[in-house]
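Down below is the structure, laid out as structure tokens.
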Amino acid sequence: MTWPELEEVSISLIDCDDATAALLVQVADTSRFKIRRFPTALSFLEQFDPSLPGCAIADFNMPDRGGWELVDVTQAEPPGIQIIFFAETIDVMTAVELMKAGVSDVILKPMREDTIRKCIVRAIEVDLQHKRVFAAHS
């Protein structure tokens, strides 16, 4: 992944928790990522554009729309978007099913800065690859 590609990438944070946002801003500042913050899944979905490079980081247990609904909507049309879910608790079967459905990572809170950075980089690499393949076949 090259730095010019990273400058075009946007990370969407879908959560109303200020502590999570502060951690993501810290990661963004040290990694040159752009963060767009959405307080709800609905506010994200209203502006969702699957053609834009990046990833989404979201609380799996969102109050307005659940994590499964976010997966269904964002993966409905190619090329979709890579999603990283976090949760305070999540059972192993749900995490496995999310990964099978195309979710990039599932992370338990509290998140560590190095862990979230690695997950973001991996999600962006996959997203850029998917978008290149999709563009080549469109």
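Take -2 as the starting number for the sequence shown in the numbering used here and just add one per residue. Positions of the beta carbon are idealized from the N, C-alpha and C atoms, including for glycine.
Between Ala55 and Ile80 a beta carbon distance of about 6 angstroms is seen, short of the 8 angstroms cut, so the two are scored as contacting.
Rounded to the nearest whole angstrom, the C-alpha separation of Ile104 and Thr91 is 12 angstroms. For Cys116, the enclosing alpha helix (DSSP H) starts and ends at 110 to 133.
Judged by DSSP secondary structure, Gly99 falls outside any beta strand (DSSP E); it is assigned neither H nor E. In summary, Val89 is exposed, with fewer than 16 beta-carbon neighbours lying within 10 Å of its beta-carbon over all protein chains present. When the five nearest sequence neighbours on each side are left out, the beta carbons in the same chain lying within less than 8 angstroms of the beta carbon of Val130 are those of Pro76, in order along the chain. For Phe41, DSSP assigns no beta-bridge partner whatsoever.
Between Met96 and Asp102, the alpha-carbon positions lie close to 7 angstroms from each other. Secondary-structure assignment with DSSP links Phe35 through a beta bridge to Ile11.
The residue from Asp14, Gly99, Lys128 with its alpha-carbon nearest to that of Pro47 is Lys128. For Asp56, no alpha helix (DSSP H) run applies; the uninterrupted beta strand (DSSP E) run containing it begins and ends at 51 to 56, by DSSP. Residue range 64 to 71 is occupied by the alpha helix (DSSP H) that includes Asp69.
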